[in-house]
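2 protein chains.
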Amino acid sequence: MTTIAYLGPVGTYSEMAALQYLQLNHLDQNTTQMCPYSTIPQAINAAEHGNVDIAIVPVENSIQGGVTMTLDSLWQSESLQIQQAIVLPIAHSLITRASTLEAIKIVYSHAQGLAQCQQWLDHHLPTAQQVATNSTTDGLHIVAEDDSVAAIASQRAAELYNLPVLKYPINDQPDNCTRFLVLGRTAPTTKGTHSSLAFSLKRNLPGALVKPLLVFADRQINLSRIESRPTKRSLGEYIFFIDIEAPVDAPNFSEALQQLRAVTEDLKILGSYAIFEI
Amino acid sequence: MTTIAYLGPVGTYSEMAALQYLQLNHLDQNTTQMCPYSTIPQAINAAEHGNVDIAIVPVENSIQGGVTMTLDSLWQSESLQIQQAIVLPIAHSLITRASTLEAIKIVYSHAQGLAQCQQWLDHHLPTAQQVATNSTTDGLHIVAEDDSVAAIASQRAAELYNLPVLKYPINDQPDNCTRFLVLGRTAPTTKGTHSSLAFSLKRNLPGALVKPLLVFADRQINLSRIESRPTKRSLGEYIFFIDIEAPVDAPNFSEALQQLRAVTEDLKILGSYAIFEI
Chain A
1395 MTTIAYLGPV GTYSEMAALQ YLQLNHLDQN TTQMCPYSTI PQAINAAEHG
1445 NVDIAIVPVE NSIQGGVTMT LDSLWQSESL QIQQAIVLPI AHSLITRAST
1495 LEAIKIVYSH AQGLAQCQQW LDHHLPTAQQ VATNSTTDGL HIVAEDDSVA
1545 AIASQRAAEL YNLPVLKYPI NDQPDNCTRF LVLGRTAPTT KGTHSSLAFS
1595 LKRNLPGALV KPLLVFADRQ INLSRIESRP TKRSLGEYIF FIDIEAPVDA
1645 PNFSEALQQL RAVTEDLKIL GSYAIFEI
Chain B
1395 MTTIAYLGPV GTYSEMAALQ YLQLNHLDQN TTQMCPYSTI PQAINAAEHG
1445 NVDIAIVPVE NSIQGGVTMT LDSLWQSESL QIQQAIVLPI AHSLITRAST
1495 LEAIKIVYSH AQGLAQCQQW LDHHLPTAQQ VATNSTTDGL HIVAEDDSVA
1545 AIASQRAAEL YNLPVLKYPI NDQPDNCTRF LVLGRTAPTT KGTHSSLAFS
1595 LKRNLPGALV KPLLVFADRQ INLSRIESRP TKRSLGEYIF FIDIEAPVDA
1645 PNFSEALQQL RAVTEDLKIL GSYAIFEI
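Protein sequences, first through last, are from chains A and B.
Each residue of the first sequence is one higher than the one before, starting from 1395 at the first, in this note's numbering.
Each residue of the second sequence is one higher than the one before, starting from 1395 at the first, in this note's numbering.
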């Protein structure tokens, strides 16, 4: 029985990513157990502590950028490895029992869902209160009971909760997609094409960031992404998350890692993995 | 008359940064006009279009990281320059007419305010609904009317709105501070010590990020920060915001900028400015 943690309840985009994971890995729904958690850190901690086999969490949206809670939890983790990445197209619907937009007073969604529909909301529901919930589906039980309330979630969520969709799609950018990470304590089973690292730098060292970047530049190893997160110690100290377009076992890579260790404070290899675009 | 746009209403941390700006620049409150705006992009647009002289906006918090709305608006801007940066310590208070924590059902604050007190909220108000508002002070008129409601804002906000503080400080990290940018259409009047740039890269060019970073590394020009934001075109395309510990007129810099232009798609020099820590 493979147990999978995701940001629930049922009907979230994280659950959709988890269902894609089953298909991609030829897993049987009868021998897997889907475990919804109410926050991203809780889902990641469940995998970290062995309560589940893997956690599937969003890490980056094409419009809103990095999911900071996932990056911060990954940095805290002692044992998790990225096993796969799954890129899912995101199309939001406005789910409500109201028959007109004018009747809607409150809109519930995850902060990322609200942000991804901000222009649409400013234009069509300028006076409605926007309430951020832990997941896109958290507000659906209120939508079921109150005609003046709406939620922004997937069409699948509307079907699962048996609620009507008033408008679809309402995301500001048609090419909205989110990258999810599959995190587990074992090595990935599929051959890696990309790698992710994270490192902090020694305090107050001038030129500190130049050196780790040179390690890659000198070897023509291409970085596809750099994201900085605060160390939470003081302003101006960062943890850098780096995505590399090569597996860890690529030529030059082990030498690069060795050099990287010398010029960073704390270095984590988050995994070598394949990316699947749905 | 100097007109100053900030994220209002009165009592926000942005207003506190604006008041610090007056002091730092020996400006008289009688010859300045403070103009509150209800969103960060609106405040930035007011300065961009000449409706005000300057806008003062948060760009980075030591715990939560970059303020994505500010970075995205800066990238869109055609004419704004960073004139100064002001680092302000942030200490949040729980403002409510409730006499006990148990009586509080809803907590209002800006999403960053909620995030900076997340552990405190999880521990002390685990069942209260958290509602994200446009600014920390937006919820205070509801706090005034409803004893079951609280807001997270500054102690100064509590005084201005004549409301009681139940708990202070409630931020998870004692060293919580936010960096604000002073944006205007003219060149800065104080001598710059730091510079900020932003650039996008040509589409799908392998190794594209290595080249601009090498431009700085080759000249031992130290980057104090890199932050990536999505271009919103497609996943994997980024705008990079770079802070440099040198003014634009430093030795090597003009040569570096020339080379940078050759290896980037679109390059914006956001300004050379002094940083004031309060």
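Built from N, CA and C at the ideal position, the CB exists for glycine as well.
query, result
"Could you check if Leu1421 (chain B) is buried or exposed, using at least 16 other CB atoms within 10 Å of its CB as the buried criterion?", "exposed"
"Please report the distance separating the alpha-carbon of Glu1409 (chain B) from that of Gln1414 (chain A).", "47 Å"
"Taking a Cβ distance cut-off of 9 Å, strictly less, list which residues of the stretch 1478 to 1493 of chain A are near chain B, in chain order.", "Val1481"
"Can you give the Cα-Cα distance for Leu1580 (chain B) and Pro1624 (chain B), rounded to whole angstroms?", "Note on residue identity: the sequence assigns Thr, not Leu, to residue 1580 (chain B). C-alpha separation (whole angstroms): 28 Å."
"Could you spell out where the alpha helix (DSSP H) holding Met1410 (chain B) opens and where it closes?", "1407 to 1418"
"Provide the residue span of the beta strand (DSSP E) that contains Arg1623 (chain B), from first to last.", "1617 to 1624"
"Check the DSSP bridge columns for Ser1503 (chain A) and list the partner residues they point to.", "A:Ala1526"
"Let me make sure I understand the geometry here. Which of B:Leu1651, B:Leu1488, B:Thr1658, B:Asn1439 has the alpha-carbon closest to that of Asp1466 (chain B)?", "B:Asn1439"
"Quick check on Ser1467 (chain A): does DSSP put it in helix, strand or coil?", "helix"
"Is the Cβ of Pro1624 (chain A) closer than 9 Å to any Cβ of chain B?", "yes"
"Grab me the residues of Ala1505 (chain A)'s own chain with a C-beta within less than 7 Å of its C-beta, minus the 5 sequence neighbours each way, in chain order.", "Ala1526"
"With DSSP as the reference, label Pro1678 (chain A) as helix, strand or coil.", "The structure shown has nothing for residue 1678 (chain A), since chain A only spans 1395 to 1672."
"For Ile1620 (chain B), go through chain A and note every residue whose CB falls closer than 9 Å to its CB, in chain order.", "Leu1603, Leu1607, Ile1620, Glu1621, Ser1622, Tyr1632, Phe1634"
"Here's the rule I'm using: 16 or more other beta-carbon atoms within 10 Å means buried, otherwise exposed. How should Gly1460 (chain B) be labelled?", "buried"
"Do Val1501 (chain B) and Ile1434 (chain B) have their beta-carbon atoms positioned less than 9 Å apart in this structure?", "no"
"How far does the beta strand (DSSP E) with Arg1573 (chain A) in it extend, from its first residue to its last?", "1571 to 1578"
"Buried or exposed for Gly1444 (chain B), please, with buried defined as at least 16 other CB atoms from any protein chain shown within 10 angstroms of its CB.", "exposed"
"According to DSSP, simplified to helix, strand and coil, what is Asn1439 (chain B)?", "helix"
"Near Pro1641 (chain A), what residues of its chain come up, given a Cβ to Cβ distance below 8 Å and the 5 sequence neighbours on each side ignored?", "Lys1585, Gly1586, Thr1587, His1588, Ser1589, Phe1647, Ser1666"
"Provide the residue(s) that pair with Ser1594 (chain B) in DSSP beta bridges, ordered along the chain.", "B:Ile1633, B:Asp1660"
"Under DSSP, the beta strand (DSSP E) around Gln1478 (chain B) begins and ends at which residues?", "1475 to 1483"
"Flag this pair as yes or no: are the beta carbons of Leu1508 (chain B) and Gln1524 (chain B) separated by less than 9 Å?", "yes"
"Taking only beta-carbon atoms, is Glu1454 (chain B) less than 9 Å away from chain A?", "yes"
"Give me the chain A residues within the contact set of Asp1660 (chain B), using Cβ-Cβ distance strictly less than 9 Å, ordered along the chain.", "Here the premise fails: no neighbours, minimum Cβ distance about 18 Å."
"Is the shortest distance between the beta-carbon of Val1404 (chain B) and the beta-carbons of chain A less than 9 Å?", "no"
"From Thr1397 (chain A) to Ala1552 (chain A), what does the alpha carbon distance come to, in whole angstroms?", "25 Å"
"When the cut-off is 9 Å and only beta carbons count, does Arg1579 (chain B) lie next to chain A?", "no"
"What separation, rounded to the nearest whole angstrom, lies between the Cα atoms of Ser1594 (chain A) and Leu1519 (chain A)?", "43 Å"
"Would you mind sorting Thr1390 (chain A) into buried or exposed? The rule is 16 or more other CB atoms within 10 Å of its CB.", "For chain A, the structure presents residues 1395 to 1672; residue 1390 (chain A) sits outside this window and is missing."
"Using 9 Å as the threshold, is the C-beta distance between Ser1487 (chain A) and Ser1548 (chain A) below it?", "yes"
"Starting from the beta carbon of Phe1574 (chain B), find every residue of chain A whose beta carbon is closer than 7 Å, and list them in chain order.", "What Phe1574 (chain B) touches in chain A: nothing, since even the nearest Cβ is about 12 Å away."
"Per DSSP, what are the beta-bridge partners of Thr1426 (chain A) in this structure?", "A:Thr1396"
"I want to see whether chain B comes within less than 9 Å of His1616 (chain A), judged by CB atoms only; does it?", "Here residue 1616 (chain A) is Asn; the residue named in the question, His, does not match the sequence. Judged by the 9 Å Cβ criterion, Asn1616 (chain A) is in contact with chain B."
"Based on DSSP bridge pairs, tell me the residues matched to Ser1493 (chain A).", "Ser1493 (chain A) is not bridged to any residue."
"Do Ile1457 (chain B) and Gln1510 (chain B) have their C-beta atoms closer together than 9 Å?", "yes"
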